[in-house]
Amino acid sequence: MASRLTTPDIVELLGLQLAPIDLSADSTDSAEAASRSRGHVEIEPYVPNVSALIPEDLPAGEGEVVGEKLTRNQSANKRRKARARKKREREDELRAEGATQLLGSLYRTSPNQIHTYRVRRQPELLSRLQELEAQNQAPLQMDDPDFPRDDLQWIIGSNEPTWHYVVDEVLDEVVLAVKITPWNSFPPVRRNKIQTNLGTAMDWSRCAHVIKTNSSQTKTQHGTGEAITIKRRGRMYAIGWHSSMEKNKDLVFYAGDRASVELYHETIQRLPVLADMYREHFFYLLPGAAQEMVDVAEELDIPSFSQLALDGDDAERPFANCLTLTNNDFANALHRDKDFSLLAFGMWWVTRVRREGHHDIYEFDPSLDHDSVKGGAFVLGEFGIGVDFQRAGGLVEIFWRGKQDWHVTMQSKAKPGCTRWGTSVQLTSKGVNAVKRYHKRGSKPSRTTSAFDRVETMQNAAAKKKKK
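In my numbering, the protein residues as written are 1 to 468.
Below you can see the structure in the form of structure tokens.
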């Protein structure tokens, strides 16, 4: 394997780490093996019984002197421990201040807009959340009286862009990174460009099939051997390449609805610009993680979700093979992804939705934002921290370790006429395995079904239907 270039980035500058990806590992390995528990164990301090330490055969009066000395020593030890604890706390404060100043300089913004959080795994909290899901046989809900809302930290937005970096204080690893940007804080030209590109993703949902087989929406294992079954909530779509069920095919592009062939054909041609935007925003939020995903994609020659054919003529750069979209009050259960890569990046936003004929039309509306949708927070259950979308605004961008950390999208309820979108880019296990089979069998384009092949099939089907 070729040596990988190390790119300086904010993760390294902060002295943090990202869990590396083992390219030689079988992409079907369980998430359990990939993540490892690595929990922190609290050790109770030993507090000696002073009277028990005084020898019984001491002359009269000397026992009291020894006892006083032991008490003084014990008090001194307590003071030393307290000073050491305060020193560690101050070091953490200074480190956080240094991090915010550094990040403020990198992003050319005020340190007040940068927030850092030091967290640790809380297995007991995760168990409580999982038990609540099992008890209700439903995704977590913010207004459930049994939901321990006050036991979690919540990332929220403000009237200006904010960056949030969450670090496992035991292992010094970034576990979550969030950027929240109100729409009115974008320069108008950039805002219009971003919303136009997001419109491409939304158009895909109008010409593609809903995915109904995602296990986190219906049945998931909680890691204790117990599986919970829940009602599917919301809609999920996917763009890009996946393994094939078709005869003599290894790798296929997601199909479209034959009734929307023109929109499908138009939308796929706009995917390269959409992929470039996701790549750009991922690199801006957390360069080290983004570079890791790109390096793996290049090493394994994984086609981007925007690459429309594998004929050698497509100039698209390797990237995530799949872009997943959700809307219509999507929710799922606590789970860890079954992807090849540990890393995931996504964007969330809110739009108006109206019915036109047999299709939904989605449009950005300045009067609608995340507070138009009740609930729906994104939570890392074991770390006790989440993004409260309802108290955010505009475009919310998130990095997380989907394969390694338990996460969930909680239940939501949108006002009539609006919906919250959630998206993520990933290197999926099934997609990576399909690419490996494709290359192992000679990388023949005939063993793929491209996006253009999908268009031709839909056009032929429409023509036959018209003749009838």
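Here a beta-carbon is modelled for each residue, glycine too, at the ideal position from N, C-alpha and C.
Host alpha helix (DSSP H) of W204 (start-end): P188 to C207
Close beta carbons around R317, own chain, < 7 Å, minus the five adjacent residues each side: S304
Figure out for me which residue from T116, T200 and A259 has the closest Cα to the Cα of E456. A259
Quick one: what's got a C-beta closer than 7 Å to A25's C-beta in the same chain, skipping five residues either side? Any reading at A25 needs caution, since the residue's pLDDT is 49, under 50, leaving its predicted position unreliable; the model's value is listed next. Closer than 7 Å at the Cβ level, and outside the excluded window around A25, lies no residue.
What do you get for K403, buried or exposed, if any count of 16 or more other CB atoms within 10 angstroms of its CB means buried? buried
Taking C-alpha atoms, which residue in T196, E169 and S158 lies nearest to K179? S158
Helix, strand or coil for W406? Go by DSSP, reduced to three states. coil
Presumed contact (8 Å Cβ cut-off) between V387 and I155, rounded CB distance: 5 Å
What's the C-alpha gap between R441 and L251? 11 Å
How big is the Cα-Cα spacing for Q426 and R401? 10 Å
Quick check on this structure: which residue in K444, V119 and T200 has the alpha carbon closest to the alpha carbon of F364? T200
For M277 and N197, I'd like the C-alpha separation in whole angstroms. 8 Å
Give me the Cα-Cα distance between G394 and R454, rounded to the nearest whole angstrom. 34 Å
Simplified DSSP assignment, three categories, for I268: helix
By DSSP, does H281 sit in helix, in strand, or in coil? helix
Do three or more CB pairs link the stretch 416-436 to the stretch 332-349 at distances below 8 Å? yes
Do the stretch 160-178 and the stretch 115-122 make contact, defined as three or more Cβ pairs closer than 8 Å? yes
Should H242 and Y254 be called a contact, given that it needs their Cβ atoms to be closer than 8 Å? yes
For the stretch 327-342 against the stretch 143-150, are there 3 or more C-beta pairs whose distance is under 8 Å? no
What are the boundary residues of the alpha helix (DSSP H) that includes A392? Where A392 is concerned, there is no enclosing alpha helix (DSSP H), given that its DSSP letter is neither H nor E.
Let's test the definition: count the other Cβ atoms within 10 Å of the Cβ of V357 and tell me whether it reaches 16, buried, or not, exposed. A small correction: the amino acid at residue 357 is Gly; Val does not occupy that position in the sequence shown. When all chains shown are included, G357 counts as exposed.
What is the rounded straight-line gap between the Cα of R235 and the Cα of V119? 32 Å
Cβ-based burial, A82 [other Cβ within 10 Å; buried from 16]: exposed
Residues near A34 by beta carbon distance below 7 Å, same chain, minus five either side: Any reading at A34 must be qualified, since the residue scores a pLDDT of 39, below 50, and its modelled position is unreliable; no value is offered.
Ends of the beta strand (DSSP E) at N327? C322 to A331
If you check the beta carbons only, do P161 and S127 fall under 8 Å apart? no
Cβ neighbour criterion (16 or more within 10 Å) applied to S75: exposed
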